[in-house]
Amino acid sequence: MAEKRKLQKAETRKRIIAAAIKVYSEQGFSVPTVTIAEEAKVSHGSIFVHFPTVESLLICLLDSFSQSINNELQSLSESSGDIEKLLNMHINVLIQHEGFYKRLIKEAVYLPEEAKNTFIAIQSIVSIHFLQALEYEISAGKIKAVPFHMLFNTWLGLVHYYLLNGELFAPQDSVLTRYKSALIECFTALIKQ
Amino acid sequence: MKTCIACGMPMKEKSEFAMGDESKDYCVHCANEDGSMHSFEQKKESMIGFIVKTQGLAREAAESAALSMMKKLPAWERNFAN
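Protein chains in written order, with this note's numbering: chain A, 107 to 299; chain B, 33 to 114.
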């Protein structure tokens, strides 16, 4: 009986998380929790059984996104430091979470402090792999002599610009899927000597 | 798979563990030359330095993010206990 209850609880938590990702992606982070409860088909109160505050729900989503990026990019550092391969994997992970990530970069400045810091932590994970992939080429003088953070922020800036203007570049479509090759080719052409 | 208790890095290969010792709970990047784990202050400074270097953030913003990251790591739990 206790086991059944535990499973049910885990299932409800899973449904709340899936609903929150969907609702936040579509309507933004200021959407009331009652909308998430309706989407998850759970009572409004059960959201707070699992997540005492709205912020804790948001942090849970960000932590899970962070874990997903970390797992995905970790496999690259085991193989080789190939920048094109890394950029490709980075975009692939973002495609899996495109709606949520787009909302995140759009509303990041309005998020609570801890959520903002978790977002920085996510970019920090990406930057570790970015640095590992570029280190050899930087020391071999194959990359233009600009500060590392400028290389990283230029890449993010490019990706974020296309994401934020997705309706113009790829209406009704995944802008990252459509522009993946173009973005990678353009960025690598810009940074190589 | 183990995760470094001091920085959160997943550790799969032997070389990723402190001193190549897979029984250790922290990674090669969080170890001093003698194999001991970095102190709280050492880790905080190295995280701030890393964020500034890789993301170009202002030191204050980097410090806030570093502390927020450390708060979630088992090695530093007691440093945040009230």
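Just so you know, even glycine gets a beta-carbon here, dropped at the ideal spot from N, CA and C.
Please state the DSSP three-state secondary structure of residue i.
| i | result |
| --- | --- |
| I228 of chain A | helix |
| A63 of chain B | strand |
| M51 of chain B | helix |
| M101 of chain B | helix |
| P218 of chain A | coil |
| G88 of chain B | coil |
| A124 of chain A | helix |
Looking only at DSSP bridge pairs, what is residue i linked to?
| i | result |
| --- | --- |
| P138 of chain A | Bridge partners of P138 of chain A: none, in fact. |
| T35 of chain B | B:P42 |
| K298 of chain A | A:I249 |
| M69 of chain B | B:A63 |
Rounded to the nearest angstrom, what separates residue i and residue j at their Cα positions?
| i | j | result |
| --- | --- | --- |
| F293 of chain A | I228 of chain A | 21 Å |
| M79 of chain B | H235 of chain A | 15 Å |
| G247 of chain A | L257 of chain A | 14 Å |
| F49 of chain B | Q133 of chain A | 43 Å |
| A98 of chain B | E73 of chain B | 11 Å |
| H61 of chain B | S287 of chain A | 34 Å |
| K61 of chain A | K112 of chain A | An answer regarding residue 61 of chain A cannot be provided, because it is not within the stretch 107 to 299 covered by chain A. |
| M102 of chain B | K76 of chain B | 8 Å |
| A239 of chain A | L167 of chain A | 27 Å |
| G151 of chain A | L164 of chain A | 17 Å |
| E272 of chain A | K208 of chain A | This sequence places Gly at residue 272 of chain A; Glu is not what is there. Going from the Cα of G272 of chain A to the Cα of K208 of chain A covers about 9 Å. |
| W261 of chain A | K110 of chain A | 47 Å |
| I189 of chain A | N177 of chain A | 17 Å |
| Y130 of chain A | P138 of chain A | 10 Å |
| A143 of chain A | A125 of chain A | 8 Å |
Q) Are the segment 36-45 of chain B and the segment 280-293 of chain A touching by the rule of at least three beta carbon pairs closer than 8 Å? A) At 8 Å Cβ cutoff, the stretches do not touch.
(Q) Taking contact to mean 3 or more Cβ pairs, one atom from each stretch, closer than 8 Å, check whether the segment 264-274 of chain A and the segment 214-223 of chain A are in contact. (A) The segment 264-274 of chain A vs the segment 214-223 of chain A: no contact.
Q.
At 4 residues or longer, what runs of the alpha helix (DSSP H) sit wholly inside the segment 231-290 of chain A?
A. The DSSP assignment places 254-270, 272-275 as complete runs of the alpha helix (DSSP H) inside the segment 231-290 of chain A, in order along the chain (cut-off: 4 residues).
(Q) Closer than 8 Å is the cut-off here; do at least three beta carbon pairs connect the segment 196-210 of chain A with the segment 154-174 of chain A? (A) Here the segment 196-210 of chain A makes contact with the segment 154-174 of chain A; the two share three or more CB pairs at distances below 8 Å.
**Q.** Unbroken stretches of the alpha helix (DSSP H), 4 residues or longer, contained in the segment 138-215 of chain A
**A.** If we require 4 residues or more, the alpha helix (DSSP H) runs fully inside the segment 138-215 of chain A come out as 139-146, 150-156, 160-185, 189-202, 204-213.
Q. Between the segment 146-155 of chain A and the segment 120-132 of chain A, do at least 3 Cβ pairs fall closer than 8 Å?
A. Using a Cβ-Cβ distance cut-off of 8 Å, the segment 146-155 of chain A and the segment 120-132 of chain A are in contact, since at least three pairs of beta carbons, one from each stretch, lie closer than that value.
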